[in-house]
Amino acid sequence: MSVDQATVRRVAHLARIAVREEELGHLQNELNAILDFVEQLADLDVSGVEPLTSVVPVELPMREDAVTDGNCPEKVLANAPDAEGGFFTVPKVVE
Amino acid sequence: MNKLTKLTLTQAREGLAQGEFTSVELTEAYLKAMEEARPLNAYVLETPDIALEMARESDKRIASGDTGPLEGIPLGIKDMFATEGVRTTACSKILENFVPQYESTVTSHLWRDGAVMLGKLNNDEFAMGSSNETSAFGPVVSPWHRDGDDTPIVPGGSSGGSAAAVAAFLCAGATGTDTGGSIRQPAAFTGTVGIKPTYGRCSRWGIVAFASSLDQAGPFARTVNDAAVLLRSMAGYDPKDSTCVNRPVPDYEEAVGASIKGKKIGIPREYRMDGMADEIDTLWREGAKWLEEAGAEIVDISLPHTQYALPAYYIVAPAEASSNLARYDGVRYGARVPGKDVVEMYENTRAAGFGPEVRRRIMIGTYVLSAGYYDAYYLRAQKVRSLIKRDFDRAFALGVDAVLTPATPSPAFGIGEKLKADPVEMYLNDVFTVTVNMAGLPGISVPAGLSADGLPLGLQLIGRPFEEETLFSLAEVIEEAAGRFPVEDLWWKA
Chain D
15 MSVDQATVRR VAHLARIAVR EEELGHLQNE LNAILDFVEQ LADLDVSGVE
65 PLTSVVPVEL PMREDAVTDG NCPEKVLANA PDAEGGFFTV PKVVE
Chain U
1304 MNKLTKLTLT QAREGLAQGE FTSVELTEAY LKAMEEARPL NAYVLETPDI
1354 ALEMARESDK RIASGDTGPL EGIPLGIKDM FATEGVRTTA CSKILENFVP
1404 QYESTVTSHL WRDGAVMLGK LNNDEFAMGS SNETSAFGPV VSPWHRDGDD
1454 TPIVPGGSSG GSAAAVAAFL CAGATGTDTG GSIRQPAAFT GTVGIKPTYG
1504 RCSRWGIVAF ASSLDQAGPF ARTVNDAAVL LRSMAGYDPK DSTCVNRPVP
1554 DYEEAVGASI KGKKIGIPRE YRMDGMADEI DTLWREGAKW LEEAGAEIVD
1604 ISLPHTQYAL PAYYIVAPAE ASSNLARYDG VRYGARVPGK DVVEMYENTR
1654 AAGFGPEVRR RIMIGTYVLS AGYYDAYYLR AQKVRSLIKR DFDRAFALGV
1704 DAVLTPATPS PAFGIGEKLK ADPVEMYLND VFTVTVNMAG LPGISVPAGL
1754 SADGLPLGLQ LIGRPFEEET LFSLAEVIEE AAGRFPVEDL WWKA
């Protein structure tokens, strides 16, 4: 399978990365080189093979459903590029 | 002072314990070496004040006899590990001003055991790369040169700063992370020892996530014994990482020097690739001979799905990365670039913050996870991963204790030499290491010789899950037989 420029534009949007029009051709070539490389997996018969979900056979541990952390809003917001009044801020999303 | 930095970690530990020098003296020697080595670009942040403060505290504990296993030992930390109050960037522009409010579990284990932090080490952006050339801080220059040629050489990646710093005597040891070979490949390129332990052996908590089902932390060191000392401190259970395994951490140092008599070493025929350089093949045979002479039994094995590991990796790792890196949205941390609405703000922020390799992998990951392609790519790759793991399980079921392979298909290359090629050519660097991450196994890279043009070459040993001790025993046999490969010419000091 290979991707066309419209697909590159769509994938960039899904990934939330702005791509300039003049970058599309270059990106298309790079993505196709990688897709071409992974294409060889299609040669393998994987019928009846379970997908690997965990490399080490461990059961995911459960913990008590209790608050173990928190009450540190200043720490949570310490790296925010634009925090205000104890909140993260974003551009207006509702009219 | 130079003499102190040349000590192995194990020797430095002994010297500190015997009172031959103090941790402050040792730390000052390393800080001076770091200053002189800035042209190598191994450190992206030097933390001399923190280092000296930690060293003074260590000296007090040494005086009072209350010491930890790494008391007073100065270490470098890959910039993928969150360090509380100390800028941590993953060498990405998108995190250029990020100051963690917490400490990673692995580094907290090191400080608990008395180690001293010298600074943060360069790496490929978000650990995506095999040459340390994708870092937002620029490439790391290897302390190695080809014979009679001063072309700048890559240290490998992604843990290029860690490998270069250990090889150039800029720390007694360093931390790394390994998702597809990011510890073992740079270790091989710089004549250092690097081990990626079994998935689950070290906590991933507080390590900037790349591909969560593959990422593991591990040490870089100048000797096998030093690596064993470091791993013992780094490893261990952590309830904050649900994939971190709750089992005791052995004293790995005891395994160094243990007999390897009767150990069965598998030589996988599929690793003998077409067009493999003769010097790599020769080194591999030599390694097998050294192990045999020490009493191991060499057997030919087959790992039939080897060739599919790298393509499967380039689906699984980007898929997980695209999901993990969704958090860099310009809201909670990192740089923000404004836009007319929230989506445009995300898009502009991420376009400005991610470098070309990271962008490429996020886009591949997004594509293979997108509606209609998930089964053809991601699900198929996860099935292939089962087949790769099954190959190893079968070899181990036949009694194989470890698998011996070359660490890399070639010695290190020059900075810029592979950048213009198609991205897949760079990916081929990890062809021998990536299977190990796909199967979650432990793997160690140990220096074993020099290439025709005088650059280090390494061998890789792959072990059964949680049998890192066997790897340390075997690696020490290779180290004894091959000798060590310290950098002789400290050219950057001129």
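As they're listed, the protein sequences go chains D and U. Using my numbering, read the first sequence as starting at 15 and increasing by one per residue. Using my numbering, read the second sequence as starting at 1304 and increasing by one per residue. By construction, the Cβ of each residue, glycine as well, lies at the ideal position given by its N, Cα and C atoms.
8 Å Cβ cutoff, residue i in contact with chain U
i, result
"Asp18 (chain D)", "no"
"Asn93 (chain D)", "yes"
"Pro87 (chain D)", "no"
"Val107 (chain D)", "yes"
"Val70 (chain D)", "yes"
"Glu64 (chain D)", "yes"
"Asp83 (chain D)", "no"
"Gln54 (chain D)", "yes"
"Ala32 (chain D)", "yes"
"Phe101 (chain D)", "no"
"Leu28 (chain D)", "yes"
"Ala47 (chain D)", "yes"
"Glu44 (chain D)", "yes"
"Leu58 (chain D)", "yes"
Three-way DSSP call (helix, strand, coil) for residue i in this model
i, result
"Ile48 (chain D)", "helix"
"Leu1762 (chain U)", "strand"
"Met1304 (chain U)", "Residue confidence is low: Met1304 (chain U) scores 47 on pLDDT, short of 50, so the model does not pin down where it sits. Its coordinate-derived value is still stated next. Note: Met1304 (chain U) maps to coil in three-state DSSP."
"Ala1778 (chain U)", "helix"
"Ala1499 (chain U)", "Looking at the sequence shown, residue 1499 (chain U) is not Ala but Lys. Three-state DSSP puts Lys1499 (chain U) in a strand."
"Phe1788 (chain U)", "coil"
"Phe1695 (chain U)", "helix"
"Asp96 (chain D)", "coil"
"Leu1753 (chain U)", "strand"
"Ile1568 (chain U)", "strand"
"Glu1349 (chain U)", "strand"
"Leu1793 (chain U)", "coil"
Chain D contact for residue i (CB, 8 Å cutoff)
i, result
"Val1703 (chain U)", "no"
"Gln1404 (chain U)", "yes"
"Lys1686 (chain U)", "yes"
"Pro1614 (chain U)", "yes"
"Arg1415 (chain U)", "no"
"Ser1625 (chain U)", "yes"
"Met1304 (chain U)", "With a pLDDT of 47 at Met1304 (chain U), under the threshold of 50, the modelled position of that residue is not reliable, and the figure given next carries that caveat. It does not; no Cβ of chain D falls within 8 Å."
"Val1645 (chain U)", "yes"
"Val1552 (chain U)", "no"
"Thr1386 (chain U)", "no"
"Leu1764 (chain U)", "no"
Distance, residue j Cα to residue i Cα
i, j, result
"Met1304 (chain U)", "Pro1446 (chain U)", "Model confidence at Met1304 (chain U) stands at a pLDDT of 47, short of 50, so the residue's coordinates are unreliable; what they give is reported in the following sentence. When rounded, the distance between both Cα atoms is 19 Å."
"Leu1731 (chain U)", "Ser1438 (chain U)", "19 Å"
"Asn1651 (chain U)", "Arg1364 (chain U)", "50 Å"
"Arg1359 (chain U)", "Cys1474 (chain U)", "17 Å"
"Gln1321 (chain U)", "Thr1478 (chain U)", "26 Å"
"Ala1580 (chain U)", "Thr1454 (chain U)", "21 Å"
"Gly1318 (chain U)", "Pro1789 (chain U)", "20 Å"
"Lys1643 (chain U)", "Pro105 (chain D)", "8 Å"
"Thr21 (chain D)", "Gly1388 (chain U)", "42 Å"
"Leu1534 (chain U)", "Arg24 (chain D)", "44 Å"
"Thr1585 (chain U)", "Ala1755 (chain U)", "12 Å"
"Gly1375 (chain U)", "Val1327 (chain U)", "8 Å"
"Gln19 (chain D)", "Gly39 (chain D)", "7 Å"
"Gly1702 (chain U)", "Ser1776 (chain U)", "17 Å"
Test item: CB-CB of residue i and residue j under 8 Å
i, j, result
"Pro1712 (chain U)", "Ile1583 (chain U)", "yes"
"Val1552 (chain U)", "Gly1560 (chain U)", "no"
"Ala1345 (chain U)", "Ala1471 (chain U)", "yes"
"Lys1566 (chain U)", "Ala1340 (chain U)", "no"
"Pro65 (chain D)", "Lys1686 (chain U)", "yes"
"Val70 (chain D)", "Tyr1502 (chain U)", "yes"
"Asp1382 (chain U)", "Lys1423 (chain U)", "yes"
"Gly1761 (chain U)", "Ala1715 (chain U)", "no"
"Gly1432 (chain U)", "Ser1461 (chain U)", "yes"
"Ile1665 (chain U)", "Leu1628 (chain U)", "yes"
"Gly1417 (chain U)", "Leu1348 (chain U)", "no"
"Gly1483 (chain U)", "Tyr1616 (chain U)", "yes"
Residue i Cβ short of 7 Å to the ligand ADP heavy atom set
i, result
"Glu1428 (chain U)", "The ligand ADP is absent from the structure shown, which contains no ligands of any kind."
Are at least three pairs of beta-carbons, each pair with one atom in the stretch 1596–1613 of chain U and one in the stretch 1635–1643 of chain U, less than 8 Å apart?
Judged by Cβ distances under 8 Å, the stretch 1596–1613 of chain U makes no contact with the stretch 1635–1643 of chain U, as fewer than three pairs qualify.
With three or more C-beta pairs closer than 8 Å as the rule, is the stretch 1381–1401 of chain U touching the stretch 1416–1430 of chain U?
Taking 8 Å as the limit for Cβ pairs, the verdict is that the stretch 1381–1401 of chain U does touch the stretch 1416–1430 of chain U.
Check whether the stretch 1716–1728 of chain U and the stretch 1669–1681 of chain U touch, using three or more Cβ-Cβ pairs below 8 Å as the test.
Contact between the stretch 1716–1728 of chain U and the stretch 1669–1681 of chain U is absent: fewer than three C-beta pairs spanning the two stretches fall below 8 Å.
With contact counted as at least three CB pairs below 8 Å, one residue from each stretch, are the stretch 1733–1742 of chain U and the stretch 1488–1505 of chain U in contact?
Verdict: yes, contact present.
Report yes or no: do three or more beta-carbon pairs, one from the stretch 1495–1510 of chain U and one from the stretch 1745–1757 of chain U, lie closer than 8 Å?
With the cut-off at 8 Å, the stretch 1495–1510 of chain U and the stretch 1745–1757 of chain U touch.
Can you find at least 3 beta carbon pairs, one from the stretch 1766–1780 of chain U and one from the stretch 1501–1521 of chain U, that sit closer than 8 Å?
Segments in contact, yes.
Are at least three pairs of beta-carbons, each pair with one atom in the stretch 88–99 of chain D and one in the stretch 1408–1416 of chain U, less than 8 Å apart?
Short answer: they don't touch.
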